[in-house]
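Asker: Quick mapping for you: the protein sequence lines, in order, are chains A and B. Going by full-length UniProt numbering, the first sequence runs without a break in its numbering and finishes at 244. Going by full-length UniProt numbering, the second sequence runs without a break in its numbering and finishes at 244.
Number of protein chains: 2
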Amino acid sequence: MAGRSLKPIPKPDLADFKVGVDNAIFSVDTAQNRLLVLLVMRQEDPFLNQWSLPGTLVRQGESLEQAAYRILAEKIRVKNLYLEQLYTFGNPGRDPREAPDSYGVRYLSVSYFALVRFEEAELIADGVSGIAWYPVQQVPQLAFDHNQILAYGYRRLRNKLEYSPVAFDVLPEVFTLSDLYQLYTTVLGENFADYSNFRARLLKLGFLCDTGVKVSRGAGRPASLYRFDAEAFAPLKDKPLVFI
Amino acid sequence: MAGRSLKPIPKPDLADFKVGVDNAIFSVDTAQNRLLVLLVMRQEDPFLNQWSLPGTLVRQGESLEQAAYRILAEKIRVKNLYLEQLYTFGNPGRDPREAPDSYGVRYLSVSYFALVRFEEAELIADGVSGIAWYPVQQVPQLAFDHNQILAYGYRRLRNKLEYSPVAFDVLPEVFTLSDLYQLYTTVLGENFADYSNFRARLLKLGFLCDTGVKVSRGAGRPASLYRFDAEAFAPLKDKPLVFI
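(1) With C-beta atoms as the reference, is A:Y82 less than 8 Å away from A:V166?
(2) Out of B:V174, B:L161 and B:A143, which has the shortest C-alpha to C-alpha gap to B:D45?
(3) In angstroms with no decimal places, state the Cα-to-Cα distance between B:F175 and A:Q43.
(4) Any Cβ of chain A within less than 8 Å of the Cβ of B:A15?
(5) For B:P240 and B:P96, I'd like the C-alpha separation in whole angstroms.
(6) Could you run through the segment 86 to 100 of chain A and flag, in chain order, every residue whose CB is less than 7 Å away from some CB of chain B?
(7) Just mark B:N23 as buried or exposed, buried being the case when its beta carbon has 16 or more other beta carbons within 10 Å.
(8) If you follow the beta strand (DSSP E) that B:N23 is in, where does it begin and where does it stop?
(9) Which chain A residues are close to B:I244, counting only those with a beta carbon under 7 Å from its beta carbon?
(10) The ligand COA heavy atoms versus the CB of B:L171: any closer than 7 Å?
(11) Assuming B:F228 and B:F207 make a contact with CB atoms under 8 Å, what is their CB distance in whole Å?
(12) My guess is that residue 263 of chain B and B:R34 are in contact by the Cβ rule of under 8 Å, so how many angstroms apart are they, rounded?
(13) Looking only at its chain, what residues have a beta carbon closer than 6 Å to the beta carbon of B:G130, apart from the 5 residues adjacent to it on each side?
(14) Do A:R158 and A:V187 count as a contact pair if the criterion is CB distance below 8 Å?
(15) Quick check: the Cα distance between A:E84 and B:D194, rounded to an integer number of angstroms?
(16) So A:E162 contacts chain B; which residues on that side make the cut at Cβ distance below 8 Å?
(17) Starting from B:R129, find everything on chain A with Cβ-Cβ shorter than 9 Å and list it in chain order.
(18) Is A:G61 close to chain B? Criterion is C-beta to C-beta, closer than 8 Å.
(19) What are the uninterrupted segments assigned as beta strand (DSSP E) that are 3 or more residues long and contained completely in the UniProt domain "Nudix hydrolase" (18 to 157) of chain A, given in chain order?
(20) Along chain A, in chain order, which residues have C-beta atoms closer than 9 Å to that of B:K18?
(21) I need the straight-line Cα distance from B:V19 to A:H146, nearest angstrom please.
(22) Let me confirm a value: B:S196 is counted as buried when at least 16 other C-beta atoms fall within 10 Å, else exposed. Which label applies?
(23) Can a CB atom of chain A be found closer than 8 Å to the CB of B:L53?
(24) Determine the direct distance from the alpha carbon of A:Q32 to that of B:M1, and round the result to whole angstroms.
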């Protein structure tokens, strides 16, 4: 045996990992003012039959992002997609497949945040796995630490609405200022700003373009349809800016 | 052999990982207006004798954050410390220890962002490893993908100055508005705002408290010393806010 010890011996105390990718995929049902997150029902242990964020383990030769896109493409068909890395969870004991002394293989999760247009996103039911858009406020106990991952994702979404033009990735091409306000209210809650301040602020920023078309809904006056003017926004892109 | 196959067989195509933690530790030398990052010289292969961010591999039973604090405590003594997770890098081939076909063990890096007060931070020279505060603009080619990690950390630092009161973790207890402006200029560059706008904006936010003490430096008029009023800032804490 001594003659075979030329290969470098791995340090005995380093942890071995499998790496998972878990996606917090949000959409906003603007018709019903609901913020939704995509959940799938697990088909295997651990947490068999429990709801979870869609996730997968990273394969040989695969990048983290490729794994995130792979699981997303298995669950949902979508034209436009915003995806970014969220946070990495890797504490010992976060996965019941780990030995209780955490000296076996550990399971680390790199989570991704995604935002899709509700109307364009088509869920892929494979006839076996449960899959559903869940209102964020009504999410049940999830598998693993996925409630915690979801909470991180929700915070990221709020931050992005506050500091970036991500709302215009969610809204239809043209929208009323009331649609826009409704979207913010749905995600941030009622108290973030009143409508007239919000309206004045957004118009002053100068990247909402009045299409000249008006739309009538319900009893109120016809409302102007706007679109997001990416060119007008370009000079502001790298400036710190608050949207509300 | 067939009789021994009762244990679940791991899926053959999942990647195996070691997980590293790499710290982008920044400080600002306010006396000389330099933004600095902590580098250490590697004492082993790969990248022997090359500068790198201080990093380590995660041990059995150790959390990611514990590993980040462990390597930090080996390199630097510091009273106050701001540390947060930055980003996770895990593409195949990012570490030369991986087999070229990436079918062996892969090395994933969870990076952390830290900010310390330059005057309080004491580097720990162990007599073997090189260690240095490097001006961010003069950082050489680093080991692994550490230049990329550093670029992420630098962007995070800029964002934090723009959107959070992190500057007051870096400045001394009392400071002049000119000190504060100098800090912003050192990190963000010259063109982010002129001094009088910056000064007016910060004072209007209402959490800078004039100590009543004035200090004379050079030829100009004596300048007021301010301190950050955490209580006055508390109600703003969860509001979206731009500091410049």
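Glycine included, each C-beta is placed from N, C-alpha and C at the ideal position.
Answerer: According to the structure shown:
(1) Your numbering for residue 82 of chain A matches position 82 in the first sequence. Your numbering for residue 166 of chain A matches position 166 in the first sequence. Yes, Cβ-Cβ distance for A:Y82 and A:V166 is below 8 Å.
(2) On the second sequence, position 45 is the one that residue 45 of chain B refers to. Among B:V174, B:L161 and B:A143, the Cα nearest to that of B:D45 belongs to B:A143.
(3) Within the second sequence, the letter at position 175 stands for residue 175 of chain B. Within the first sequence, the letter at position 43 stands for residue 43 of chain A. Their backbone Cα atoms lie some 59 Å apart in a straight line.
(4) Residue mapping note: residue 15 of chain B aligns to position 15 of the second sequence, counting from 1. For B:A15, the answer is yes, since a Cβ of chain A falls inside 8 Å of its Cβ.
(5) Reading the second sequence from its first residue, position 240 is the one you call residue 240 of chain B. Reading the second sequence from its first residue, position 96 is the one you call residue 96 of chain B. Cα-Cα distance, rounded: 42 Å.
(6) Y87, T88, G90, N91 and P92
(7) Counted from its first residue, the second sequence places residue 23 of chain B at position 23. Buried, since its Cβ has 16 or more Cβ neighbours within 10 Å.
(8) If you number the second sequence from 1, residue 23 of chain B lands on position 23. Here the beta strand (DSSP E) through B:N23 covers D16 to D29.
(9) Within the second sequence, the letter at position 244 stands for residue 244 of chain B. Correct list: P240.
(10) The ligand content of the structure shown is nil, which means the ligand COA is not present either.
(11) Your numbering for residue 228 of chain B matches position 228 in the second sequence. Your numbering for residue 207 of chain B matches position 207 in the second sequence. Between B:F207 and B:F228 the Cβ distance is about 6 Å, and since that is below 8 Å, they are a contact.
(12) The structure shown does not extend to residue 263 of chain B, since chain B is modelled only from 1 to 244, so the question has no answer here.
(13) As a first step, residue 130 of chain B must be located in the second sequence, where it is residue number 130. Only M41 meet the Cβ criterion.
(14) Along the first sequence, one-based indexing puts residue 187 of chain A at 187. Along the first sequence, one-based indexing puts residue 158 of chain A at 158. In contact: A:V187 and A:R158 (Cβ atoms closer than 8 Å).
(15) As a first step, residue 84 of chain A must be located in the first sequence, where it is residue number 84. As a first step, residue 194 of chain B must be located in the second sequence, where it is residue number 194. If I take the Cα positions, the gap works out to 34 Å.
(16) For the purposes of this step, residue 162 of chain A is taken as the residue at position 162 of the first sequence. Those are P240, listed as they occur along chain B.
(17) Reading the second sequence from its first residue, position 129 is the one you call residue 129 of chain B. Arg is not the amino acid found at residue 129 of chain B; the sequence shown has Ser there. Chain A residues near B:S129: none, gap ~18 Å exceeds 9 Å.
(18) Taking the first residue of the first sequence as position 1, residue 61 of chain A is located at position 61. Interface residue, yes.
(19) 34 to 41, 55 to 57, 81 to 89, 105 to 116 and 131 to 135
(20) The residue given as residue 18 of chain B occupies position 18 in the second sequence. Within 9 Å Cβ-Cβ: P10, L14, A15, D16 and F17.
(21) Reading the second sequence from its first residue, position 19 is the one you call residue 19 of chain B. Reading the first sequence from its first residue, position 146 is the one you call residue 146 of chain A. Approximately 21 Å between the Cα atoms of the pair.
(22) Translated into the one-based positions of the second sequence, residue 196 of chain B becomes position 196. The residue in question, B:S196, is exposed, as its Cβ has fewer than 16 Cβ neighbours within 10 Å.
(23) By one-based count along the second sequence, residue 53 of chain B stands at place 53. Judged by the 8 Å Cβ criterion, B:L53 is not in contact with chain A.
(24) Translated into positions along the second sequence, residue 1 of chain B becomes position 1. Translated into positions along the first sequence, residue 32 of chain A becomes position 32. Caution applies to B:M1, whose pLDDT of 42 falls short of 50 and renders its modelled position unreliable; the value that the coordinates give is listed next. Cα to Cα, the separation comes out at about 59 Å.
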